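Heads up, the final residue of the sequence shown is numbered 604 in this note's numbering, and it's a clean run with no missing numbers. A quick write-up on the structure given underneath.
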Amino acid sequence: MKKLAIAFAFLISLLVLAVGGLYLKGGSAEVLLWAVKIFLRQEHESNKEVTWAIPKANGDAVQTPTGTKPPNVILIVADDLGYNDISLNGGGLANGSVPTPHINSLAQQGANFDTSYSGNATCAPSRAAIMTGRYPTRFGFEFTPTPKQFMKVIGHYKGDHQLYDAIYHKDREKDLIPYETMGLPQSEITLAKLLKGNGYRTLHVGKWHLGDASEFRSYQHGFDQSLSFPHASSLYLPENDPNVVNSQQSFDIIDRFQWAAGSFGMRFNDGELFKPKRYVTDYMTDEAEKAIEANRNHPFFLYLAYTAPHTPLQATKEDYAALSHIEDHTLRVYAAMVRNLDRNIGRVLQTLKDKGLDDNTIVIFTSDNGGAHYVGLDGLNSPYRGWKATFFEGGIRVPLFMRWPAAIPKGVQPKVAVNHIDIFSTVAAATGAKLPSDRPIDGINLLPQIGKPADKGPERSLFWRTDTYRVIRKGDWKLQVTQNPKKDWLYNMAIDPTEKNNLASKEPERVAALKKELEAFNATQVKPSWPSMAEAAIAIDKNLRQKMTPTDEYVYYGN
46 MKKLAIAFAF
56 LISLLVLAVG
66 GLYLKGGSAE
76 VLLWAVKIFL
86 RQEHESNKEV
96 TWAIPKANGD
106 AVQTPTGTKP
116 PNVILIVADD
126 LGYNDISLNG
136 GGLANGSVPT
146 PHINSLAQQG
156 ANFDTSYSGN
166 ATCAPSRAAI
176 MTGRYPTRFG
186 FEFTPTPKQF
196 MKVIGHYKGD
206 HQLYDAIYHK
216 DREKDLIPYE
226 TMGLPQSEIT
236 LAKLLKGNGY
246 RTLHVGKWHL
256 GDASEFRSYQ
266 HGFDQSLSFP
276 HASSLYLPEN
286 DPNVVNSQQS
296 FDIIDRFQWA
306 AGSFGMRFND
316 GELFKPKRYV
326 TDYMTDEAEK
336 AIEANRNHPF
346 FLYLAYTAPH
356 TPLQATKEDY
366 AALSHIEDHT
376 LRVYAAMVRN
386 LDRNIGRVLQ
396 TLKDKGLDDN
406 TIVIFTSDNG
416 GAHYVGLDGL
426 NSPYRGWKAT
436 FFEGGIRVPL
446 FMRWPAAIPK
456 GVQPKVAVNH
466 IDIFSTVAAA
476 TGAKLPSDRP
486 IDGINLLPQI
496 GKPADKGPER
506 SLFWRTDTYR
516 VIRKGDWKLQ
526 VTQNPKKDWL
536 YNMAIDPTEK
546 NNLASKEPER
556 VAALKKELEA
566 FNATQVKPSW
576 PSMAEAAIAI
586 DKNLRQKMTP
596 TDEYVYYGN
């Protein structure tokens, strides 16, 4: 017994020394990362075959305004895709040497909305806006759902290149709800619920991030069948898979948390988590093709939410090898992920042609927000300033393409400023679904604007809010208001779309008028359902690999 006690004491001493060494190396954040890897990492079951149900031949009646055959709808959402990650506008990664022909084709063969915005500057609130056609602040979904442990890591970490400390709001812990229940309220009417009520089959493949408890998952929000990820992101392949090339970002605490957690699993409906068969982006497309085949004879809505090119950065060896001209390893892996994403979207479009569904299927493509500074690469959102987690154009200017050969002319470029909230109303109009009348729907139907592309559309203001960082775009004017730092940014987007010339000090009356409208908007929104627990300073003009200086503009962004 004495020997056992001595052995136990020795093990405890080793543990204390190990934890102490980690603390000396990187503070409490390093210890928390170690704890995540040891105690929270899970190994999921082997792959399970997914069976997409074949609906009855005639199904429920589906009504359209003209009595014509209702269109299928495929909504494709990329994750953290930068404005300059695609080659459509003469740019593209690695000086345009990574073409994205399949994504480009959606704009070239349909509508390319010239000024399109995400619902938010981070993924989950933006997806809530897409799914409901409403500002997520109307129903308390103001912040990205994140576990407290993760927020503690963020809030207690300061990288070598960061000038300003992160902030952890310990006083807000009393208002926290369990992470899994940070979800889209059941009272919200999603696009899936709307279309299912109109006789559509509703299918989901990929990211959800609108609640991880079973009562908040996509199959509880109107989707007949769902193949989804838990949480916000996933590995694309196991770290040591023979077919993967990794780029780990040691300077990024978010990346390090993802690698420590090591999540590589998906679930079908309410089943247990299992490992995807192969590289996640390829596997998701395999299943999307199967879902299309199973539902080819019935009107369907497919929400295909890829995780690419969100970190962790992992490419297939095939895609990595194809880009040997790119010298920077991180850029090469990232570009290979975009190349793979584009090819998989091409596979979906080819499947529609092969099944005879191409002409009467609406394909919508967008990204949940702009490219992230924590990837450590320049130019992802060029020519715009800012990143994901800022409301500068780089954080919220995203592609929005809509192809429908039966009804949308090729290559039309509507000039109206649009937002993710408009997808809901537009799809409702195209499919004949009746909009809810018991709540404000913030989006507009974009189909009339396609017929008159030069028209700037109905007069309206667009809003963004996360905690005390608030933004309005009214006509050609855009005002950003922050409390940390306490600053106003005012830009005339007609002559300064890249937000270089801050006119706030020269236009005090305009600033006051826009602030008044912002205040009126905020008065109609609700209290967040959970608090923002941590904030970090995001440099507007530098990525995370670059050292901040006192002259750099920045903004603190929560969750």
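Every residue gets a Cβ at the ideal spot worked out from N, C-alpha and C, and that includes glycine. Since we're looking at a predicted model, the values are computed, not measured.
Subject >> Minimum C-alpha distance to VAL526 - residue among PRO542, TRP509 and MET538 >> reply: Position 481 of the sequence shown, counted from the start, is the residue given in the question as residue 526. Here the closest residue by C-alpha is TRP509.
Original post:
Once you ignore the five residues that flank THR471 on each side, which residues in its own chain have a CB closer than 7 angstroms to its CB?
Top reply: As a working mapping, residue 471 is identified with position 426 in the sequence shown. Contacts found: ASN490, LEU491 and LEU492.
Original post:
Which term fits GLU75, buried or exposed, when burial requires 16 or more other beta carbons within 10 angstroms of its beta carbon?
Top reply: The sequence position of residue 75 within the sequence shown is 30, counting from 1. Looking at its Cβ environment, which holds 16 or more other Cβ atoms inside 10 Å, GLU75 is buried.
Subject >> Where THR330 falls: helix, strand or coil (DSSP) >> reply: Walking along the sequence shown from the start, residue 330 turns up at place 285. Here THR330 carries a helix assignment [DSSP, helix/strand/coil].
Original post:
Should SER574 and GLY136 be called a contact, given that it needs their Cβ atoms to be closer than 8 angstroms?
Top reply: Mapped onto the sequence shown, residue 574 falls at position 529. Mapped onto the sequence shown, residue 136 falls at position 91. For SER574 and GLY136, no; Cβs fall outside 8 angstroms.
**OP:** Given a cut-off of 8 angstroms, decide if ILE119 and LEU349 are closer than it, judged by their beta-carbon atoms.
**Re:** Within the sequence shown, numbered from 1, the residue matching residue 349 stands at position 304. Within the sequence shown, numbered from 1, the residue matching residue 119 stands at position 74. Taking 8 angstroms as the Cβ cut-off, LEU349 and ILE119 qualify as a contacting pair.
**OP:** May I ask you to list the residues that DSSP assigns as paired with TRP606?
**Re:** Examination of residue 606 is not possible in this model, given that the chain is present from 46 through 604 alone.
**OP:** Starting from TRP304, follow the alpha helix (DSSP H) in both directions and report where the run begins and ends.
**Re:** In the sequence shown, the residue the question calls residue 304 occupies position 259. Start and end: 298-306.
Original post:
Whose C-alpha, out of GLY244, LEU358, ASP533 and PRO344, is nearest the C-alpha of LEU402?
Top reply: Taking the first residue of the sequence shown as 1, we reach residue 402 at position 357. Here the closest residue by C-alpha is PRO344.
Original post:
Below 8 angstroms between beta carbons: does that hold for PRO181 and HIS254?
Top reply: If you number the sequence shown from 1, residue 181 lands on position 136. If you number the sequence shown from 1, residue 254 lands on position 209. Not in contact: PRO181 and HIS254 (Cβ atoms no closer than 8 angstroms).
Subject >> Contact belief for VAL143 with VAL383 at Cβ below 8 angstroms, rounded distance in angstroms >> reply: The residue you call residue 143 lines up with position 98 of the sequence shown. The residue you call residue 383 lines up with position 338 of the sequence shown. Indeed they touch by this definition, with Cβ atoms about 6 angstroms apart.
Subject >> Close beta carbons around ALA277, own chain, < 6 angstroms, minus the five adjacent residues each side >> reply: Locating residue 277 in the sequence shown gives position 232, counting from the first residue. Cβ neighbours of ALA277 beyond the five flanking positions: HIS254.
Original post:
Which residue's Cα is closest to the Cα of ASN340: ARG377, ALA306, THR396 and ILE199?
Top reply: Position 295 of the sequence shown, counted from the first residue, corresponds to residue 340. Selection ARG377, ALA306, THR396 and ILE199 evaluated against ASN340 yields THR396 as nearest (Cα-Cα).
Original post:
Is SER271 helix, strand or coil by DSSP?
Top reply: Here residue 271 corresponds to residue number 226 of the sequence shown, with the count starting at 1. Strand at SER271.
**OP:** Using alpha carbons as the reference points, say which of GLU233, GLU187, TRP449 and ASP300 lies closest to PHE195.
**Re:** Position 150 of the sequence shown, counted from the first residue, corresponds to residue 195. When each option's Cα is compared against that of PHE195, the closest is ASP300.
Original post:
Are there 16 or more other CB atoms within 10 angstroms of the CB of ASP216, so buried, or fewer, so exposed?
Top reply: Looking up residue 216 in the sequence shown gives position 171. Exposed.
Original post:
Is the number of C-beta pairs between the segment 458-478 and the segment 197-205 that are closer than 8 angstroms three or more?
Top reply: no
Subject >> Residue from PRO595, VAL378 and PHE469 whose Cα sits closest to the Cα of ALA366 >> reply: Position 321 of the sequence shown holds residue 366. For ALA366, the nearest C-alpha among the options comes from VAL378.
Original post:
Is there contact here, the segment 254-266 with the segment 513-532, by at least three beta-carbon pairs under 8 angstroms?
Top reply: no
Subject >> Beta-carbon contacts of ASN385 that lie in its chain and below 8 angstroms, excluding the five residues immediately before and after >> reply: Here residue 385 refers to the residue found at position 340 when the sequence shown is read from its first residue. Cβ within range, chain order: TYR324, THR326, ASP327, ALA353, ALA360, THR361 and ASP364.
Original post:
Could you give the uninterrupted runs of the alpha helix (DSSP H) lying entirely in the segment 104-190, keeping only those of 4 residues or more?
Top reply: 138-141, 146-153 and 168-177
Original post:
Could you check where the beta strand (DSSP E) with ALA582 kicks off and where it finishes?
Top reply: Taking the sequence shown and counting its residues from 1, one reaches residue 582 at position 537. Looking at the DSSP string, the run of the beta strand (DSSP E) that includes ALA582 is 579-584.
**OP:** Report the rounded CA-to-CA distance for PRO459 versus ALA152, giving the unit in angstroms.
**Re:** Taking the sequence shown and counting its residues from 1, the one referred to as residue 459 is at position 414. Taking the sequence shown and counting its residues from 1, the one referred to as residue 152 is at position 107. Using only the alpha carbons, I get a separation of about 11 angstroms.
Subject >> Three or more C-beta pairs below 8 angstroms linking the segment 199-212 and the segment 549-560 >> reply: no
Original post:
Are there 16 or more other CB atoms within 10 angstroms of the CB of GLY456, so buried, or fewer, so exposed?
Top reply: For the purposes of this step, residue 456 is taken as the residue at position 411 of the sequence shown. Around the beta carbon of GLY456, a 10 Å sphere encloses fewer than 16 other beta carbons of the protein chains shown; the residue is thus reported as exposed.
Subject >> Classification of ARG183 by the beta-carbon crowding that lies within 10 angstroms, buried from 16 upward >> reply: One-based indexing of the sequence shown puts residue 183 at position 138. Buried, by the Cβ-count rule.
Original post:
Of the choices HIS147, LYS114 and GLY127, whose alpha-carbon is the least far from that of GLY391?
Top reply: In the sequence shown, residue 391 corresponds to position 346, counting from 1. Closest by alpha carbon: HIS147.
Original post:
By how many angstroms is the C-alpha of LYS400 removed from the C-alpha of ASN604?
Top reply: Taking the sequence shown and counting its residues from 1, one reaches residue 604 at position 559. Taking the sequence shown and counting its residues from 1, one reaches residue 400 at position 355. Taking the straight line joining both Cα atoms gives about 43 angstroms.
Original post:
What span of residues does the beta strand (DSSP E) with GLY603 cover, start to end?
Top reply: In the sequence shown, the residue the question calls residue 603 occupies position 558. Its beta strand (DSSP E) spans residues 599-603.
**OP:** Provide the residue span of the beta strand (DSSP E) that contains ASN291, from first to last.
**Re:** Counting from 1 along the sequence shown, the entry for residue 291 is found at position 246. Where ASN291 is concerned, the enclosing beta strand (DSSP E) stretches over 289-292.
**OP:** Compute the distance between the beta-carbons of MET654 and LEU229, then report whether it is under 8 angstroms.
**Re:** Outside the shown range of the chain, which is 46 to 604, sits residue 654, and nothing can be said about it.
Original post:
For GLY178, which option in LYS531, TYR599 and ASP487 has the closest C-alpha, if you only look at C-alpha atoms?
Top reply: The count along the sequence shown starts at 1 and reaches residue 178 at position 133. Minimum Cα distance to GLY178 is reached at ASP487.
Original post:
Taking buried to mean at least 16 other C-beta atoms within 10 Å of its own C-beta, is ASN285 buried or exposed?
Top reply: To locate residue 285, count along the sequence shown from 1; it is residue 240. Burial call: exposed.
Subject >> Under the three-state DSSP convention, the category THR596 falls into >> reply: The sequence position of residue 596 within the sequence shown is 551, counting from 1. Of the three classes helix, strand and coil, the one that applies to THR596 here is coil, per DSSP.
Subject >> Complete beta strand (DSSP E) runs within the segment 387-460 (minimum length 3 residues, chain order) >> reply: 406-412 and 445-448
**OP:** With DSSP collapsed to three states, give me the class of ARG510.
**Re:** Translated into positions along the sequence shown, residue 510 becomes position 465. ARG510: strand per DSSP, three-state reduction.
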